[in-house]
Amino acid sequence: MRIFSGSTLATCAALWIGVVTPVSAETPITYTDAGRALFSFAVPDFWGVRTGGPREIEDTELGDIRGVARVMGIKPVTDDNVWMGFVSPAGVASIDDGLRYLDDIDKFLVKDPTVTSTSDTRIGGLPARVIRGTGTRDGRGINFTATIIDLPKGRVAVVVAILRDGADPTYVDDLNAVFASFRSLQ
Amino acid sequence: MTSNRIKRAIFALGLGAASFTLSACDGVTVGVGYGYDPFYDSMLWNDYYHDVDVDIDVDRPPRPRPPEGKPPARPKPPVGKPPARPRPPTARPPAARPPIHRPAPRPRR
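If you read the protein sequences in the order shown, they are chains A and B. Position 128 of the first sequence, counting from 1, maps to 128 under UniProt numbering, and the rest follow consecutively. Position 70 of the second sequence, counting from 1, maps to 70 under UniProt numbering, and the rest follow consecutively.
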């Protein structure tokens with residue numbers, strides 16, 4: 001096409017890219033427990049939020065009732081291969097407790113989990129433990145990043161980010177942007 | 001020459017606009033719901049409190065009595081009741097009536 005010769009194409013492309021991709025604007029979300037705001041994070045554009053809430057779930061076999069803290073899930077509106085969940089369980093006060101809590105949920109989240117790395121870092125200015133690994137779920141391989149963030153006043157935030165095999169790798173930036181926006185509110 | 005450039009730019013911008021307009025027709029919110037959300041559901045379930053004997057309900061203090069008298073009137077919620085349905089324009093057919101000229105009972109013999 002002759003008309004796309006020269007700088008016309010470049011100019012128009014630049015214009016359109018500038019119009020269409022504003023750097024992921026964010027919607028702040030606050031996680032509360034019993035009216036207390038614990039932490040906040042920002043949801044990337046075009047992601048859906050599932051708020052959840054405190055409730056009790058009964059084991060149908062044993063008949064015992066288990067209290068469940070609010071679980072917030074976020075995922076892209078058009079993609080099921082990426083998921084991120086937040087929970088601040090009651091009675092879990094330290095990173096070590098959080099690791100035990102994680103031990104008790106990861107067998108439901110991931111089959112055959114293999115931890116590939118564990119590191120200590122700071123998220124939102126708070127000490128945090130990051131556990132990366134792989135596993136399977138529904139016959140598909142997944143990559144998971146489980147994070148325990150030590151909130152003040154005896155709480156922790158457990159954040160799990162999951163990328164299924166075949167997920168668009170650019171979502172990693174979105175997931176890291178969510179971590180970068182994490183703030184304690186106490 | 002300048003008008004040519006402007007024409008090209010307008011044409012290219014138009015093509016770009018058309019492509020975005022067309023791609024906007026592609027449904028964004030179709031098909032992904034909360035029907036099956038395996039990761040969410042599994043994060044709910046945990047064994048953490050399972051082997052810990054938590055008997056919260058053993059010595060629960062008696063409930064405080066509710067305050068006497070009528071509770072204050074509730075504030076009106078912002079969303080009002082929808083208006084009553086309008087009557088349909090088609091009227092009901094009249095109820096069936098017995099025929100006017102009912103044959104008289106047979107005289108007894």
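No residue lacks a Cβ here, since even glycine has one placed at the ideal position from N, Cα and C. This structure is a prediction, so every number in the text was calculated from the model and none was measured.
Alpha helix (DSSP H) containing residue i: first to last residue?
| i | result |
| --- | --- |
| A/Lys107 | Ile95 to Leu109 |
| A/Leu175 | Tyr171 to Ala180 |
| B/Ser42 | Pro38 to Leu44 |
Where do the N-terminal and C-terminal ends of the beta strand (DSSP E) with residue i fall, by residue?
| i | result |
| --- | --- |
| A/Pro28 | Glu26 to Asp33 |
| A/Val77 | No beta strand (DSSP E) holds A/Val77; DSSP gives it neither H nor E. |
| A/Ser40 | Arg36 to Pro44 |
| A/Val49 | Trp47 to Arg50 |
| B/Val79 | Taken as a continuous stretch (DSSP letters only), B/Val79 belongs to no beta strand (DSSP E), as it is neither H nor E. |
| A/Leu126 | Leu126 to Arg137 |
Would you grab the beta carbon distance between residue i and residue j for me? Rounded to a whole angstrom, and I think it's under 8 Å.
| i | j | result |
| --- | --- | --- |
| A/Leu185 | A/Thr30 | 7 Å |
| A/Gly52 | A/Val71 | 5 Å |
| A/Asp138 | B/Asn46 | The pair is not a contact, with the Cβ atoms about 20 Å apart (cut-off 8 Å). |
| A/Pro89 | B/Tyr48 | 7 Å |
| A/Gly154 | A/Phe144 | With a Cβ gap of about 26 Å, A/Gly154 and A/Phe144 do not count as contacting. |
| residue 223 of chain A | A/Ala146 | Any property of residue 223 of chain A remains undetermined from this structure, which presents chain A solely from 1 to 186. |
Which chain B residues are close to residue i, counting only those with a beta carbon under 7 Å from its beta carbon?
| i | result |
| --- | --- |
| A/Trp83 | Phe39 |
| A/Val87 | Met43 |
| A/Ile65 | Those do not exist, as A/Ile65 stays about 10 Å from chain B at its closest Cβ, beyond 7 Å. |
| A/Arg137 | Pro38 |
Residues of chain B with a CB under 9 Å from the CB of residue i: which are they?
| i | result |
| --- | --- |
| A/Tyr101 | Asn46 and Tyr48 |
| A/Ile105 | Ser42, Met43, Leu44, Trp45, Asn46, Asp47 and Tyr48 |
| A/Phe108 | Asp41, Ser42, Met43, Leu44, Trp45, Asn46 and Asp47 |
| A/Arg183 | Result: empty, since nearest Cβ-Cβ is about 21 Å, beyond 9 Å. |
| A/Ile57 | Leu44 and Trp45 |
Name the DSSP beta bridge partners of residue i, please?
| i | result |
| --- | --- |
| A/Glu58 | A/Ile65 |
| A/Ala157 | A/Ile149 |
| A/Thr114 | A/Thr134 |
| A/Leu163 | A/Val82 and A/Asn143 |
| A/Ser119 | A/Val130 |
| A/Ser184 | A/Phe39 |
| A/Val87 | A/Val71 and A/Val158 |
Compute the distance between the beta-carbons of residue i and residue j, then report whether it is under 8 Å.
| i | j | result |
| --- | --- | --- |
| A/Ile95 | A/Ile123 | no |
| A/Ile74 | A/Val49 | yes |
| A/Thr27 | A/Ala42 | yes |
| A/Pro113 | A/Gly135 | yes |
| A/Ala157 | A/Phe108 | no |
| A/Val178 | A/Met84 | yes |
| A/Asp79 | A/Asp168 | yes |
| B/Leu44 | A/Val68 | yes |
| A/Ser40 | A/Arg183 | yes |
| A/Asp121 | A/Ala128 | Reading off the sequence shown, one finds Thr at residue 121 of chain A, where the question assumed Asp. Yes, the Cβ-Cβ distance between A/Thr121 and A/Ala128 is below 8 Å. |
| A/Ile162 | A/Ile131 | no |
| A/Asp174 | A/Pro44 | yes |
Under 8 Å between beta-carbons, which chain B residues line up against residue i? List them in chain order, please.
| i | result |
| --- | --- |
| A/Gly124 | Under the 8 Å cutoff, chain B gives no residues; its nearest Cβ is about 20 Å from A/Gly124. |
| A/Gly73 | Asp37, Phe39, Tyr40 and Met43 |
| A/Val160 | Phe39 and Met43 |
| A/Arg140 | Those do not exist, as A/Arg140 stays about 10 Å from chain B at its closest Cβ, beyond 8 Å. |
| A/Val68 | Leu44, Trp45 and Asn46 |
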